[in-house]
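Engineer: The opening position of the sequence shown corresponds to residue 43 in the working numbering, with each subsequent residue numbered one higher.
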Amino acid sequence: MSNDLDRLFATIAARKGADAATSYTAKLLQDGVERCAKKFGEEAVETAIAAVSGKKDAVIAESADVLYHLLVLWAACGVRPEDVYAALAARQGRSGLEEKASRKAT
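1) Residue ranges of each beta strand (DSSP E) run of no fewer than 3 residues wholly in the region 63 to 105, ordered along the chain?
2) Could you pull out every residue in the same chain whose Cβ sits closer than 6 angstroms to the Cβ of residue 100, ignoring the five residues on either side in sequence?
3) Assuming residue 159 contacts residue 71 (C-beta within less than 8 angstroms), just tell me the rounded distance between them.
4) Output the distance between the C-alpha atoms of residue 125 and residue 73, rounded to the nearest integer angstrom.
5) Using DSSP with H/G/I as helix, E/B as strand and the rest coil, what is residue 58?
6) Once the 5 residues before and after residue 62 are set aside, which same chain residues still bring their CB inside 7 angstroms of it?
7) In terms of residues, what are the limits of the alpha helix (DSSP H) holding residue 126?
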């Protein structure tokens, strides 16, 4: 899956500076981090609502929107997928409870 996400991220990153009149991605990026974060949040809420409603097809569709908007947010913030992959790899083999507790200490 990371290859699919990497390809999508590359497409999103390539749209930075593109014509916002012809590219939704370019428009989001041009509108800035706040707008990108808002769209990500909206899609996350829609996914959660679909999940609690038991609408599997909607969960799938909304999840795709969440992933897209998360990648747009990363691009807007200057975060690269490999940065996130490295953070995930650093957590591997650790209890989720242990990892979460370690973040409170810092």
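The beta-carbon is built from N, C-alpha and C at its ideal position, and this holds for glycine as well.
As the structure is a prediction and not an experimental result, all values here were calculated from the model.
Structural biologist: Once the coordinates are examined:
1) Those beta strand (DSSP E) runs which fall completely within the region 63 to 105 and span 3+ residues do not exist here.
2) Only 92 meet the Cβ criterion.
3) As displayed, the chain neither begins before 43 nor continues past 148, which places residue 159 out of reach and without an answer.
4) Computed Cα separation, rounded: 24 angstroms.
5) Three-state result, residue 58: coil.
6) 68, 69 and 72, listed in sequence order.
7) Run containing residue 126: 123 to 133, per the alpha helix (DSSP H) assignment.
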